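Visitor: Be aware that the sequence shown starts at 0, since it is given in numbering that gives the first Met the number 0, and climbs by one per residue.
The beta carbon of each residue, even a glycine, is placed where N, CA and C say it ideally should be.
Just so it is clear, the structure is predicted and the values come from calculations on it, not from any experiment.
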Amino acid sequence: MLALALTSLTESGEPTTPPGLDVACAPAPGQEPELAAIAIRGDQDPTAPAPRPGESDPAPDPTPTRPTEGLPPTAREKIDALTEKRREALEDDPGSCPIEIPPEWVMTTAETYAAGYANAAKLDGAAALGPAFMKVVLNKRYINDSCASTVDVSSEVNFDYEGKRQLPPTKATFLSYGFMPTTATMTLEQVGPPAAIHTHTVTNTPTYPEETTVTAQLVMRLSDVEVNGVPLDVGPDCRTERPFEQVLKGYGQSYPPAGYLVAYGGTLTGYAHIPPFEGCGATEDLDPIFTSAISSPGKKADNYAKMTQAPLCVATNPEGPDCPPRVPDPER
């Protein structure tokens, strides 16, 4: 039985008349009187309480399996063995803790697609990107630091469209200067070294959180331009005067897999600074027009991009569920 004694007061703080109320609560016939059960585990008695009548022991949690991250077969075992060997050596001769894994143990190739959207900040609009086919070289550098509880992996990627290092051309329509309908074909060409993929994983927490940064050097080209439905001859070489850096970041965890993981894909986001244009105009200099309408002011990276990557089709597992690679649905 549950008994309550309630005391009430007036606005001035004086007892009311009557000054209180006693309430008694009793369970209805046949009602279970227990409100809750809490298991207390002390240092001297770590055992869990026995199941209540009619209950069965809960199933044990499954042992998590670390994602392969595109590693070839047996590579994980080799890495673990080398890590343990280094730990033993540190006990006798403390020194540098990071272990750089031999590339031939872990390096492999993969393929995937990515698709998304890139904003044109000045034009207050967005252009579709992709689907872009990507050739990936995984684990070109793999550093396992057991002292810092981190793993740093460097990979690289090249876009491939009809044998060229670029994304597929995309046609977009904007209102230039807020009132002039302008349509153009935009092509993003990859220049310089392959795009760098760097993944930093923290291994001393159960979820294995990780951050991935993808950095690519791109040149933007414009063609097939129409202003208010009238073709504008921009010539064959209308482009940004120099490459710009597109940096995309993704965040995820391994246990359970969530967010962005290189092997499983997900969403990457970031900003880019679009340089001025050059080479625009067949009979007149149109560089100032496109620079004014599109290029970023100052040094500000103001053009937002969001790309969705599909899971990797890894060469070491060609019969896996992610092969051949599939095209993801872009997210705005």
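1. I'd like to confirm the pairing. Which residues does DSSP put opposite residue 105 in its beta bridges?
2. Secondary structure at residue 288, three-state DSSP: helix, strand or coil?
3. Name the residue from 120, 111 and 138 whose alpha carbon lies nearest to the alpha carbon of residue 104.
4. To the nearest angstrom, how far is it from the Cα of residue 153 to the Cα of residue 183?
5. For residue 142, name the three-state secondary structure that DSSP assigns.
6. Going by the CB atoms, is the gap between residue 190 and residue 242 shorter than 7 Å?
7. Using only CA atoms, which one of 142, 236, 322 and 296 lies nearest to residue 282?
8. Below 6 Å CB to CB, which residues in the same chain sit around residue 286 once its five sequence neighbours on both sides are set aside?
9. Provide the residue(s) that pair with residue 221 in DSSP beta bridges, ordered along the chain.
10. Cβ atoms of residue 326 and residue 130: under 7 Å apart, would you say?
11. If you draw a straight line from the alpha carbon of residue 314 to that of residue 202, how long is it in whole angstroms?
12. Determine the direct distance from the alpha carbon of residue 224 to that of residue 232, and round the result to whole angstroms.
13. When the distance is taken between beta carbons, is residue 158 closer than 7 Å to residue 185?
14. How many angstroms separate the CA atom of residue 110 from the CA atom of residue 195?
15. From residue 222 to residue 116, what distance separates their C-alpha atoms?
16. With H, G and I counted as helix, E and B as strand and the rest as coil, what does DSSP make of residue 100?
17. Would residue 258 and residue 251 be called neighbours here (beta carbons separated by less than 7 Å)?
18. By Cβ distance, which residues of its chain are closer than 6 Å to residue 210, with the 5 residues on each side in sequence left out?
19. Going by the CB atoms, is the gap between residue 267 and residue 245 shorter than 7 Å?
20. Can you give the Cα-Cα distance for residue 96 and residue 161, rounded to whole angstroms?
21. Just mark residue 264 as buried or exposed, buried being the case when its beta carbon has 16 or more other beta carbons within 10 Å.
22. Taking the beta strand (DSSP E) that residue 193 belongs to, which residues open and close that run?
23. With burial defined as no fewer than 16 other Cβ atoms inside 10 Å of the residue's Cβ, what is the status of residue 299: buried or exposed?
24. When you compare only the Cα positions, how much space is there between residue 273 and residue 136?
25. Taking just the CA atoms, how far does residue 99 sit from residue 155?
26. Excluding the 5 residues flanking residue 44 on each side, which residues of the same chain have their C-beta closer than 7 Å to its C-beta?
27. Using only CA atoms, which one of 293, 204 and 188 lies nearest to residue 125?
28. Counting C-beta neighbours from all protein chains within 10 Å, is the total for residue 312 16 or more, i.e. buried, or is it exposed?
Guide: Judging by the given coordinates:
1. Partner(s): none; residue 105 has no beta bridge.
2. DSSP, reduced to helix, strand and coil, places residue 288 within a helical segment of the structure shown.
3. Among 120, 111 and 138, the Cα nearest to that of residue 104 belongs to 138.
4. Rounded to the nearest angstrom, the two C-alpha atoms are 36 Å apart.
5. Here residue 142 carries a strand assignment [DSSP, helix/strand/coil].
6. The answer is yes: Cβ separation under 7 Å.
7. Selected option, being the one with the closest Cα: 236.
8. The residues are 276, 277 and 279.
9. As DSSP reads the structure, residue 221 sits in a beta bridge with 185 and 237.
10. Yes. Within cutoff.
11. Straight across, the Cα-Cα distance linking residue 314 with residue 202 is about 26 Å.
12. Inter-residue distance for residue 232 and residue 224 is about 7 Å (C-alpha atoms, whole angstroms).
13. In this structure, residue 185 sits away from residue 158, with a CB-CB distance that is not shorter than 7 Å.
14. Residue 110 and residue 195: Cα-Cα distance of roughly 15 Å.
15. Going from the Cα of residue 222 to the Cα of residue 116 covers about 19 Å.
16. For residue 100, the three-state secondary structure derived from DSSP is coil.
17. It is a contact, given that the beta carbons lie within the stated cut-off.
18. Apart from sequence neighbours up to five positions away, the residues of its chain that approach residue 210 with a beta-carbon distance below 6 Å are 199 and 250, ordered along the chain.
19. Taking 7 Å as the cut-off, the beta carbon of residue 245 is found no closer than this to the beta carbon of residue 267.
20. Rounded to whole angstroms, the gap between the alpha carbons of residue 96 and residue 161 is 45 Å.
21. By the neighbour-count rule (16 or more Cβ atoms within 10 Å), residue 264 is buried.
22. It is not in any beta strand (DSSP E) - residue 193 carries neither H nor E in the DSSP assignment.
23. So residue 299 ends up on the exposed side.
24. Straight-line Cα distance between these residues: approximately 28 Å.
25. Looking at the two C-alpha atoms, the distance is approximately 17 Å.
26. At residue 44, the pLDDT of 45 sits below 50, so the modelled position is not reliable; the number obtained from the coordinates is stated separately. There are no such residues.
27. Its Cα nearest to that of residue 125, the residue 293 stands out among 293, 204 and 188.
28. Buried: at least 16 other Cβ atoms inside 10 Å.
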